[in-house]
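Written below as structure tokens is the structure these notes are about.
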Ligand SMILES: Cc1cc2nc3c(=O)[nH]c(=O)nc-3n(C[C@H](O)[C@H](O)[C@H](O)COP(=O)(O)OP(=O)(O)OC[C@H]3O[C@@H](n4cnc5c(N)ncnc54)[C@H](O)[C@@H]3O)c2cc1C
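Numbering (this note's numbering), first residue to last: 5 to 402.
Right, dumping it as structure tokens:
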């Protein structure tokens with residue numbers, strides 16, 4: 005039997021680790037090269053809807069994740085000023101009944117550590133830290149990954165899972181066009197015990213208002229509340245996940261918003277801010293024996309909460325393709341074909357969601373209520389979300 009290809013992955017983020025795990029489980033030799041000196045995931049919460057949890061369960065991670073996720077009862081939409089609430093959808097058992105898998109809220113660090121540990125349990129030296137990938141060269145049936153420290157690693161296939169500022173994408177397709185959107189995003193974590201009882205309910209909430217929206221949901225069984233607040237502001241253009249801001253500056257971006265929003269801001273440990281940047285999705289992201297996955301090829305605005313899930317889906321589908329096709333180049337072509345339409349639809353859907361959340365009509369009391377009832381009517385909500393949650397990366401056509 006022919007030896008399975010040796011796969012080199014650039015980036016040990018959520019997508020790179022998912023691909024590594026799915027490949028190691030299928031008997032592939034995998035090496036992952038991560039620029040960071042330590043494998044720590046920065047950031048706060050991430051929502052893992054049924055289309056993501058289904059893959060994580062197929063990877064055998066359900067028991068471990070159940071210890072750290074929060075499985076909320078449902079999600080609601082609330083008006084920015086009055087707090088009037090409208091049901092978005094039920095979760096918990098309802099997600100399992102309708103989509104065959106749960107909807108989890110999880111700390112990115114917990115998800116990342118779970119994936120990392122599962123990879124290292126199968127190959128203890130699979131992940132190489134302080135290993136910044138700079139580019140690659142292809143020759144015949146081999147491909148060489150070049151690292152910043154001068155090393156050149158040879159393998160049969162290279163996967164660029166190096167995130168939104170991907171070096172591999174830059175080599176393949178230039179940097180691509182990007183556009184600052186005039187939206188600042190704040191995030192932080194608040195200890196649940198410090199919050200009033202209404203904020204301790206195990207629900208996810210999208211607060212929507214004219215020119216801004218706020219997402220909150222519980223993490224770690226409800227121990228902490230995740231806060232992400234988006235406001236329209238054109239004086240902040242740094243696309244960084246780890247720039248600290250002050251609570252005062254954060255609060256000033258939500259003038260007139262409900263007292264519960266200001267309560268959360270006053271209780272977050274440390275608010276961080278970053279600027280949202282829009283990028284058109286690539287229509288092709290494979291060249292010979294090299295491909296991209298996750299944010300490196302289809303970065304998306306976070307308004308459908310699907311970016312990490314797409315990286316998870318990509319990682320699993322890529323492993324299935326490499327297993328199903330004897331030829332690496334054919335496998336990577338099949339991977340791209342299987343994923344491009346869905347990825348593009350999610351990027352476009354996220355752009356549209358932002359406009360819906362920030363609609364100026366939300367400033368106007370009675371009109372705002374009518375808008376909420378119409379835009380979040382059950383039928384419309386199902387049309388917007390069901391196709392996302394129904395997708396099954398473990399069986400989708402490849
Ligand atoms: C505020 C916010 C909220 C979000 N909420 C959600 C949500 O609820 N649900 C959801 O599904 N998604 C969410 N996302 C999106 C999600 O976080 C990303 O889409 C996801 O992290 C992409 O995974 P990735 O593996 O492609 O890239 P990343 O997670 O960015 O990982 C890339 C990795 O590559 C490494 N790297 C970079 N360059 C190099 C290099 N040259 N060499 C080696 N290593 C390199 C990085 O250090 C990193 O470890 C959110 C995003 C934001 C900003």
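From the three backbone atoms N, C-alpha and C, an ideal C-beta is built for every residue, glycine too.
Check                                                                                                                                 : Outcome
Out of 118, 374, 87, 331, point me to the one whose CA is closest to residue 260's CA.                                                : 87
Checking the sheet assignment: what are the DSSP bridge partners for residue 425?                                                     : With the chain represented from 5 up to 402, any question about residue 425 goes unanswered, as that position is not in the structure.
Tell me, which residues are paired with residue 12 by DSSP?                                                                           : 35, 162
With a cut-off of 8 Å, do at least 3 Cβ pairs link the segment 180-200 to the segment 278-296?                                        : yes
Taking residue 267 as the reference, which of 197, 331, 212, 207 has the closest Cα?                                                  : 197
Is the beta carbon of residue 209 sitting closer than 9 Å to the one on residue 394?                                                  : no
Under 8 Å by Cβ, that's how I've got residue 392 and residue 310 pegged, so tell me the actual separation to the nearest angstrom.    : 6 Å
Taking the alpha-carbon positions, what's the residue 234 to residue 402 distance?                                                    : 37 Å
Please determine whether the Cβ atom of residue 278 lies at a distance below 8 Å from any heavy atom of ligand 1.                     : yes
For residue 406, count neighbouring Cβ atoms within 10 angstroms of its own Cβ and tell me buried if that reaches 16, exposed if not. : The displayed coordinates of the chain run from 5 to 402. Any statement about residue 406 would go beyond what the structure contains.
Shortest alpha-carbon distance to residue 175 belongs to which of 100, 112, 22, 289?                                                  : 289
Indicate the three-state DSSP secondary structure (helix, strand or coil) for residue 18 in the structure shown.                      : helix
Give me the Cα-Cα distance between residue 390 and residue 308, rounded to the nearest whole angstrom.                                : 12 Å
By DSSP's criteria, residue 218 is part of a beta bridge. Which residues make up the other side?                                      : 211, 233
Could you please give me the residues that DSSP links to residue 132 through a beta bridge?                                           : 37
Is the beta carbon of residue 164 less than 9 Å from the beta carbon of residue 11?                                                   : no
Going by Cα to Cα distance, which pick from 363, 399, 91, 255 is closest to residue 232?                                              : 255
Rounded to the nearest angstrom, how far is the Cβ of residue 362 from that of residue 236, given a contact under 8 Å?                : 7 Å
Among 57, 92, 66, 129, which residue has its Cα nearest to the Cα of residue 219?                                                     : 92
If you measure from the CB of residue 207, is any heavy atom of ligand 1 nearer than 8 Å?                                             : no
Could you give the DSSP three-state label for residue 402: helix, strand or coil?                                                     : coil
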